[in-house]
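Here the structure comes first, spelled out in structure tokens, and everything after it is commentary.
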Amino acid sequence: MRNLLGGGLCTALLAFSPAGSAGDSLAPGATGPSTTTAPYLKPLQPGVSFVSILTAGDAVGAKPEGGPWRMVGVPDGLGAFDNGDGTITVLMDHELKPDAGVARAHGAVGAFISKLVIDKATLRVVSAADLIRGVKVYNVQTGGYESSTAPLANLCSADLAGGSAFYDAESKLGHDGRIFLSGEENMPEGRPFAHFVTGAEAGNSYELAFLGNMAFENLVAHPRAGRRTIVAMMDDSHPLGQVYFYVGEKQAAGEAVEKAGLAHGRLYGLKFDAAPVEPTDRTPEPARFSLVDLGDVSKLSGKELDALSKAQGVTDFQRPEDGAWHTLDPNRFYFNTTAAFDLPSRLWAATFDDFAHPERGGTLRPLLDGSDRLVPKGASERYHMLDNMTVAADGQVFLQEDPGRPGYLPHILQFDPKSGELAALAAFDGSLFGRRGDGGLTDDEESSGIIDVTPLLGSPKQRAFLLSAQAHYKFAPQDGKDEIVQGGQLLLMRQDLP
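Following this line, the structure appears as structure tokens:
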């Protein structure tokens, strides 16, 4: 997403909630029990509804050092899993620049990750804390990891992959625990991180030097990679960035990050045969793509990686944003290019010949071309600037806009890859957004981090999604501290199924 302060996808899917949808007693557009603020988004289609769960400034319990734990603004990438006791854990990135906010649990100001425990039946936030307790960075001279107290910056979209992303049950290779991936959206030296959620390493965040440095929008691990570890990465550099794939091997020993296959692998850049640079004056035809082997990039700076990529013919895209692996076809990877408000923003499908060997390449095609003729159902004009996304269990694709345009209210869109139908499900509340003053909070807003949590908070007749909303206005100091920074909200979106 746009990096205003500096410079979705996979959820652990478990059993359906036993008694219908989460918060069944709450009416559509309801305010949850842990906030006093109504949802920032409004439905545009029948059967779509929202519940606000937590809003910037809301207090939940107390910090270990004293004082209330408050939700900080600029919420971004999300992950969620079932705790097996009637609650879920939600992980939430906060995209703060490195000098913003107050010192967090890992000892530095700047970006961090919230860890929320939420009651499935009522959507009450039971507890809240910081996930990150320590940061380990890679020393290229020694080849080891060492503790760091330097701030994190602009943690953006995120991925909590399930399946065999980091552990192969058949071979018993890898790390058998939850790992939350996210990166710094700093151009060009953003760093990728593996945030350990469970196990002996819980609370530690490791720099993933072998995945390179870039303006990370997201890192998305393939959930069914077997003995290999495959991670797709989007470089949201302005005005042009690249799409990369990291391929590593799971291990039986070593640091947890090494066992997970997130170290000592090779980086590949996507090269689209039809265009060395994504065109804005025409729609590219489907064509072959190859993956350019860039090798071990752990000692390269982001600037050096970008230069190497260009020299090797890696395609420059119009600001690659979020991506997601198809839930039904393991060979397909989707990603968005956001471009600019008056340029074509596209949804791309990269279909590998064999996902287990991504280096063999495949076919790339644009599924949405951003043309003026494509007006989503429920909207008054064509969509603009696709950003974050997720793919539901049945293959439906859900997209979020990030236009940053005064007077234009960003949408949440649903795309059916089979029929080609595109619908606008929701938009920001026009009584609060799209303008400054006169009752409006800001004219610069976006939703982000959408993930499918139907197995956690939905039912057989209703989809459920968690998403974050960013309200880019200056937040008043709380308790004499500039802790909250900007506005924001965590929401549940529900969609009735036929």
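The letter at position 185 of the sequence shown is residue 167 when you use our numbering, and the numbering goes up by one with no holes. Just so it is clear, CB atoms sit at the ideal spot from N, CA and C, and this is done for glycine as well.
- request: Check whether the segment 121 to 136 touches the segment 23 to 39, taking contact to mean three or more Cβ pairs, one atom from each stretch, closer than 8 Å.
  value: no
- prompt: Among Glu152, Glu47, Ala90, Arg160, which one has its Cα closest to the Cα of Ala132?
  reply: Ala90
- prompt: Under three-state DSSP, which class holds Thr211?
  reply: strand
query: Is the distance from the Cβ of Arg314 to the Cβ of Gly277 below 8 Å?
result: no
query: What are the partner residues of Phe63, as DSSP defines its beta bridges?
result: Thr71
- prompt: Do the segment 444 to 458 and the segment 420 to 434 touch if we need at least three Cβ pairs shorter than 8 Å?
  reply: Yes, the segment 444 to 458 touches the segment 420 to 434.
query: So what does DSSP say about Pro340, is it helix, strand or coil?
result: helix
- request: Determine the extent of the alpha helix (DSSP H) in which Lys285 is found, giving its start and end residues.
  value: 284 to 293
query: Whose CA, out of Gly55, Ile161, Ser34, Ile100, lies closest to the CA of Asp464?
result: Ranking the options by Cα distance to Asp464, first place goes to Gly55.
field: Neighbourhood of Asp288 by C-beta distance below 7 Å, restricted to the same chain and skipping five residues each side
entry: Pro170
task: Determine the DSSP secondary structure at Phe148, reduced to helix, strand or coil.
output: Of the three classes helix, strand and coil, the one that applies to Phe148 here is coil, per DSSP.
query: Apart from the five residues just before and just after Gln233, which ones in its own chain have a Cβ nearer than 6 Å to its Cβ?
result: Glu240, Lys241
field: Element boundaries [alpha helix (DSSP H), containing Leu439]
entry: 436 to 439
- prompt: Any idea if Leu473 is buried or exposed, counting beta-carbon neighbours within 10 angstroms, 16 or more meaning buried?
  reply: Answer is buried; the Cβ neighbour count reaches 16.
task: For the segment 355 to 367 and the segment 337 to 347, state whether three or more C-beta atom pairs, one from each stretch, are separated by less than 8 Å.
output: no
query: Roughly how many whole angstroms lie between the Cα atoms of Ala306 and Thr372?
result: 6 Å
field: Arg264 versus Arg160 - alpha carbon distance
entry: Distance between the alpha carbons of Arg264 and Arg160: 42 Å.
- prompt: Expressed to the nearest angstrom, what Euclidean distance is found between the alpha-carbon atoms of Arg206 and Ser146?
  reply: 5 Å
query: Since Ala238 is in the beta strand (DSSP E), which residue starts that stretch and which ends it?
result: From DSSP, Ala238 is part of no beta strand (DSSP E) but of the alpha helix (DSSP H) over 238 to 241.
- prompt: Does DSSP put Ser7 in a helix, a strand or coil?
  reply: Because Ser7 carries a pLDDT of 46, less than 50, the predicted location of this residue cannot be relied on, and the following value inherits that uncertainty. DSSP places Ser7 in coil when its eight states are reduced to three.
- prompt: What did DSSP end up calling Ala191 once you bin it into helix, strand or coil?
  reply: helix
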